[in-house]
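The UniProt record's numbering puts the last residue of the sequence shown at 727; the count rises by one with no breaks.
For glycine and all other residues, C-beta sits at the position ideal for the given N, C-alpha and C.
Source: prediction; values computed, not measured.
One structure is given here, and the rest of the page talks about it.
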Amino acid sequence: MAVAIRTQDEDEEYLSAEHYADYPSVSLTEAVTEKERQRRKAIRKHKLLAVIDSLEPNIAKCCSALLRCLMQKLADRNDETDPQSALIPRERFGLQQFYQTAYLLERKLRRKCLTYLHVREYLHNLAYLYDQFIERFGLDYSNLISSNLRSIILTLEQLTTHLERCSGVTPTDWIEVMQSFLTGTANVIELDRTSADTTPAPSVRMFTPVEITEAGVFGASYAALLGAGHGDVPVTFKIVNMFTVRYNHSLINATMFAEIVSSPWVCIQYCSFAALEAYVSVSEPFAGISLFRLVKTRGCIESPNNLKIILAQLAVAVQHIHYQGFIHRCIKPSCAQVNSRGLVKVCDFSKSRVCLGRFSSNKFRSYDRGTVAEFSDKSRVGSLNYMAPEMLQRKAYGRAADWWSFGVTAFSLATGRIPFKGNTYAEQKKAISIANYDWPRETCPGVTSKLRSLVKKCLVTRPQQRLCSASYRDLWRHTYFSGLDIDHLQFSEQLADMPVIDEIRATSRMTMENSQASISFEELIDNEEPNPLFTFTSPGFVRAIRKLSANEKISPEIIRDPVMFFSLDETCQYRFHDKAIRRASNSSKHLQQQPRSEESSSTTSSSSFQRLVGSEELPYNSDIKGHRTRPLSKKTTSGKATITAIKSLGPSVRAVSAGRSFLELVRKMESGMTSGSSSAPKRYSLSNPVSDKNTSTALVSNIIRANDKRHRRGPKQKEAHAFTDRC
1 MAVAIRTQDE DEEYLSAEHY ADYPSVSLTE AVTEKERQRR KAIRKHKLLA VIDSLEPNIA
61 KCCSALLRCL MQKLADRNDE TDPQSALIPR ERFGLQQFYQ TAYLLERKLR RKCLTYLHVR
121 EYLHNLAYLY DQFIERFGLD YSNLISSNLR SIILTLEQLT THLERCSGVT PTDWIEVMQS
181 FLTGTANVIE LDRTSADTTP APSVRMFTPV EITEAGVFGA SYAALLGAGH GDVPVTFKIV
241 NMFTVRYNHS LINATMFAEI VSSPWVCIQY CSFAALEAYV SVSEPFAGIS LFRLVKTRGC
301 IESPNNLKII LAQLAVAVQH IHYQGFIHRC IKPSCAQVNS RGLVKVCDFS KSRVCLGRFS
361 SNKFRSYDRG TVAEFSDKSR VGSLNYMAPE MLQRKAYGRA ADWWSFGVTA FSLATGRIPF
421 KGNTYAEQKK AISIANYDWP RETCPGVTSK LRSLVKKCLV TRPQQRLCSA SYRDLWRHTY
481 FSGLDIDHLQ FSEQLADMPV IDEIRATSRM TMENSQASIS FEELIDNEEP NPLFTFTSPG
541 FVRAIRKLSA NEKISPEIIR DPVMFFSLDE TCQYRFHDKA IRRASNSSKH LQQQPRSEES
601 SSTTSSSSFQ RLVGSEELPY NSDIKGHRTR PLSKKTTSGK ATITAIKSLG PSVRAVSAGR
661 SFLELVRKME SGMTSGSSSA PKRYSLSNPV SDKNTSTALV SNIIRANDKR HRRGPKQKEA
721 HAFTDRC
């Protein structure tokens with residue numbers, strides 16, 4: 001925020017008695033109290049949230065309480081233990097995206113570092129998620145996104161408006177933004193599935209095995225045919241033994257990954273389902289081998305150009321997976337395959353987890369800063385040789401853990417060995433914790449000074465200093481990838497000539513007899529009651545099944561769906577341009593008295609908001625900490641104007657009575673109602689309170705009662721309360 005820094009004499013001048021004469025929240029006797037000194041200090045340090053909190057303490061506390069209330073509602077709805085209320089993968093992914101957003105906003109609010117830019121970026125990102133759900137899954141499933149999006153907007157509406165006004169930007173009419181996401185249906189939470197797809201669930205009988213390609217303790221992989229006798233579409237049929245899976249949520253995450261992630265560098269999944277004692281996933285055929293088998297057979301990747309192309313594709317795959325809302329947590333050579341044309345595909349998603357996605361091309365600084373630490377569940381997932389130090393030590397981790405694994409993979413592909421060794425587990429763990437590794441003395445053709453620099457920046461123990469922790473563009477600015485064309489990687493069918501891949505595949509074929517699979521295709525039995533947690537069918541697979549049920553022939557083109565391509569371009573376009581409050585001085589009056597017609601808020605498309613707030617009249621420039629704020633004019637750069645702008649918040653806050661409006665919102669949320677919607681079913685309401693002391697309504701009521709008592713106190717009681725606040 002562009003606020004002028006004043007000297008102590010100037011500060012005392014602007015806080016003199018004449019400037020506080022019309023200030024409703026501060027009397028003349030209170031102008032020199034400790035609370036006012038803290039307010040002036042917060043102004044100088046640009047901590048606007050502390051300023052607003054000193055003016056009206058109910059706003060920040062109520063927003064935090066409501067966000068926690070919303071997080072509890074989302075967690076209850078996302079319960080995996082209740083099969084009757086189980087969500088399908090796309091619904092579960094949407095709820096987890098909202099949970100992550102609410103968690104990050106509440107954490108910033110609790111730490112008093114929330115700015116209007118944070119709220120804009122997060123809500124802007126969720127709005128593009130809403131667009132993607134409409135485009136890919138239709139309006140029936142977008143209702144779940146819009147209802148939760150309206151809840152977050154309504155929770156942060158007043159606080160964000162005050163933050164925008166204090167920061168010198170035109171406030172956004174968040175009530176109008178919220179109403180633009182109404183779908184016009186009476187019940188926006190309970191999904192309308194009267195027109196649901198009646199296509200039968202996938203089953204084992206639809207496929208015919210041809211040959212076994214991989215086998216092991218965890219299961220087997222087959223080359224199979226879909227629709228035998230009606231087209232014979234080749235697919236990859238993978239079986240995972242349920243008894244070898246420790247936690248079911250790993251299979252649930254894999255199913256979500258298969259339905260959501262669409263990328264040229266990820267094996268496209270056609271369907272997945274749960275048979276008796278086995279989990280089955282069907283994907284596109286890929287005539288390649290794993291990078292682990294390639295390195296094990298050849299020792300290392302000898303061609304520097306082939307190594308560069310493979311690492312570039314793997315890096316783009318990791319970044320694209322992050323952007324679509326997942327952290328892989330197990331990047332290693334055995335989880336990626338390469339064919340003779342040099343094309344790379346990531347193929348193992350069992351260790352993945354939902355993280356905050358990036359669904360728009362706009363600059364999202366909060367997303368880049370969350371790369372370091374996004375989860376604090378103390379989980380240790382993946383292979384020890386490729387595990388990041390923060391995960392190994394059970395500390396908070398984020399998407400930066402995948403870039404550590406990428407650095408270890410690059411070292412292994414170039415040298416044919418792992419960087420961190422030890423005779424015991426403790427020695428290897430210590431080597432990983434301090435990043436103690438040495439390059440081999442023998443000459444490796446792929447090891448260059450640029451590759452050494454890339455690996456060194458990835459294998460940094462502190463995730464804050466690791467490559468891509470500040471910005472994902474740092475990866476492509478590195479000299480190792482200089483001159484590389486991302487579009488060429490996406491659209492080219494021939495990136496390198498690697499005939500050695502076909503040679504390895506020809507000499508290592510398995511047969512049904514010599515394989516050591518723990519479960520085979522013949523042992524699979526269909527489940528009479530499919531579990532929605534593990535069931536997924538792509539639109540192309542649904543088209544193929546419909547043709548098979550009508551005794552029509554199918555082709556590989558029918559089952560294929562278009563993939564989402566990757567772009568490094570970024571824009572600075574703000575989505576909710578036409579929802580700005582043009583007269584900021586009357587914003588509180590505008591929020592209270594402007595009528596809201598149901599017609600204008602029923603079916604407005606969210607894609608019509610892709611314009612910048614004040615793009616014509618509000619130029620932006622860079623400010624501290626990388627934020628972009630509107631530069632104040634000459635009349636508003638003085639300290640007096642700054643104090644006047646903050647004073648203007650007083651009447652509007654007290655006129656609206658923020659605490660009581662939030663209390664009314666909580667009661668509506670707990671009764672399953674939001675603005676513009678009818679009552680919701682009980683199964684989607686907030687968690688059932690055990691007692692009044694544990695409900696969010698009681699929490700907000702206590703905040704408001706304490707605030708009302710404070711205003712009824714005399715001068716001595718106010719002085720004692722100020723002393724209590726300082727303590």
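Contacts around residue i, its chain only, beta-carbon distance under 6 angstroms, and the 5 residues preceding and following it disregarded
{"i": "Glu-164", "result": "Tyr-116 and Pro-171"}
{"i": "His-322", "result": "Arg-399"}
{"i": "Ser-262", "result": "Val-563 and Met-564"}
{"i": "Ile-309", "result": "Gly-342, Leu-495 and Ala-496"}
Which residues DSSP lists as bridging residue i, in chain order
{"i": "Cys-208", "result": "Reading the sequence as shown, one finds Thr at residue 208 and not Cys. Answer is Leu-225, bridged to Thr-208."}
{"i": "Thr-236", "result": "Ala-223 and Ser-283"}
{"i": "Val-266", "result": "Val-346"}
{"i": "Asn-339", "result": "Gly-288"}
{"i": "Tyr-397", "result": "Phe-375"}
{"i": "Glu-214", "result": "Ser-221"}
{"i": "Cys-160", "result": "The sequence given here has Thr at residue 160, not Cys. Thr-160 pairs with nothing; no bridge assigned."}
{"i": "Cys-271", "result": "Val-282 and Thr-537"}
Alpha carbon of residue i to alpha carbon of residue j, nearest angstrom
{"i": "Gln-464", "j": "Ile-434", "result": "15 angstroms"}
{"i": "Cys-335", "j": "Val-381", "result": "14 angstroms"}
{"i": "Arg-120", "j": "Val-233", "result": "46 angstroms"}
{"i": "Tyr-429", "j": "Arg-90", "result": "Looking at the sequence provided, one finds Lys at residue 429 rather than Tyr. Approximately 37 angstroms, taken between the alpha carbons."}
{"i": "Ala-317", "j": "Leu-307", "result": "15 angstroms"}
{"i": "Phe-349", "j": "Thr-255", "result": "9 angstroms"}
{"i": "Leu-489", "j": "Val-346", "result": "15 angstroms"}
{"i": "Gly-219", "j": "Leu-225", "result": "19 angstroms"}
{"i": "Asp-561", "j": "Phe-375", "result": "33 angstroms"}
{"i": "Pro-333", "j": "Ile-268", "result": "19 angstroms"}
{"i": "His-162", "j": "Ile-52", "result": "7 angstroms"}
{"i": "Tyr-367", "j": "Arg-205", "result": "44 angstroms"}
{"i": "Val-169", "j": "Pro-530", "result": "52 angstroms"}
{"i": "Gln-132", "j": "Ser-281", "result": "24 angstroms"}
{"i": "Ile-486", "j": "Ile-260", "result": "22 angstroms"}
{"i": "Val-266", "j": "Leu-533", "result": "22 angstroms"}
{"i": "Arg-683", "j": "Ala-102", "result": "The pLDDT assigned to Arg-683 is 31, lower than 50, so where the model puts this residue is not dependable; a value taken from the coordinates is nonetheless given after this. C-alpha separation (whole angstroms): 21 angstroms."}
{"i": "residue 729", "j": "Asn-143", "result": "An answer regarding residue 729 cannot be provided, because it is not within the stretch 1 to 727 covered by the chain."}
{"i": "Asn-362", "j": "His-320", "result": "15 angstroms"}
{"i": "Ser-492", "j": "Lys-108", "result": "43 angstroms"}
{"i": "Leu-149", "j": "Ile-134", "result": "14 angstroms"}
{"i": "Gln-179", "j": "Ile-145", "result": "14 angstroms"}
{"i": "Ala-373", "j": "Leu-291", "result": "29 angstroms"}
{"i": "Phe-243", "j": "Ser-520", "result": "14 angstroms"}
{"i": "Ser-221", "j": "Arg-293", "result": "16 angstroms"}
{"i": "His-249", "j": "Leu-392", "result": "21 angstroms"}
{"i": "Thr-479", "j": "Phe-566", "result": "21 angstroms"}
{"i": "Val-408", "j": "Phe-364", "result": "28 angstroms"}
{"i": "Met-71", "j": "Ala-396", "result": "20 angstroms"}
Cβ-based neighbour list, residue i, same chain, cut-off 7 angstroms, excluding 5 preceding and 5 following
{"i": "Asp-438", "result": "none"}
{"i": "Phe-406", "result": "Leu-314, Ala-315, Val-318, Ile-331 and Cys-458"}
{"i": "Thr-208", "result": "Ala-224, Leu-225 and Ala-228"}
{"i": "Lys-474", "result": "Rather than Lys, the amino acid found at residue 474 in this sequence is Asp. Excluding sequence neighbours, Asp-474 sits near Leu-467 and Cys-468."}
{"i": "Asn-339", "result": "Phe-286, Ala-287, Gly-288 and Ile-501"}
{"i": "Phe-273", "result": "Ala-201, Pro-202, Val-280, Pro-530, Phe-534 and Thr-535"}
{"i": "Thr-371", "result": "Gly-398, Arg-399, Ala-400, Cys-468 and Ser-469"}
Supposed close pair residue i, residue j - CB separation, criterion 8 angstroms
{"i": "Arg-68", "j": "Asn-78", "result": "Not a contact, Cβ separation roughly 15 angstroms."}
{"i": "Phe-481", "j": "Cys-271", "result": "In fact, because the Cβ distance is near 36 angstroms, the residues do not count as touching under 8 angstroms."}
{"i": "His-124", "j": "Ser-471", "result": "Contact flag wrong, Cβ pair sits at about 18 angstroms."}
Same chain, Cβ closer than 8 angstroms to residue i, five either side skipped, listed in chain order
{"i": "Leu-276", "result": "Leu-524, Ile-525, Asp-526 and Asn-527"}
{"i": "Gln-97", "result": "Leu-126, Leu-129, Gly-325, Val-354, Leu-356 and Gly-357"}
{"i": "Arg-394", "result": "Lys-378, Ser-379 and Arg-380"}
{"i": "Ser-303", "result": "Pro-445, Gly-446 and Ala-496"}
{"i": "Leu-105", "result": "Leu-67, Leu-114, His-118, Val-119, Tyr-122, Ile-152 and Leu-156"}
{"i": "Lys-45", "result": "At Lys-45 the pLDDT is 49, less than 50, meaning the model places this residue with poor confidence; the figure from the coordinates comes in the next sentence. So no residue of the chain qualifies."}
{"i": "Ile-252", "result": "Glu-80, Pro-89, Arg-92, Leu-533 and Phe-534"}
{"i": "His-230", "result": "Lys-547, Leu-548, Asn-551, Glu-552, Lys-553 and Ile-554"}
Segment contact, 8 angstroms Cβ cut-off, at least three pairs: the segment 411–418 with the segment 439–447: yes
Please confirm if the segment 280–288 is in contact with the segment 452–465, defined as three or more CB-CB distances below 8 angstroms between the two stretches. no
Answer yes if the segment 128–138 comes into contact with the segment 376–392, meaning at least three C-beta pairs across the two stretches below 8 angstroms, and no otherwise. no
With a cut-off of 8 angstroms, do at least 3 Cβ pairs link the segment 382–393 to the segment 352–371? no
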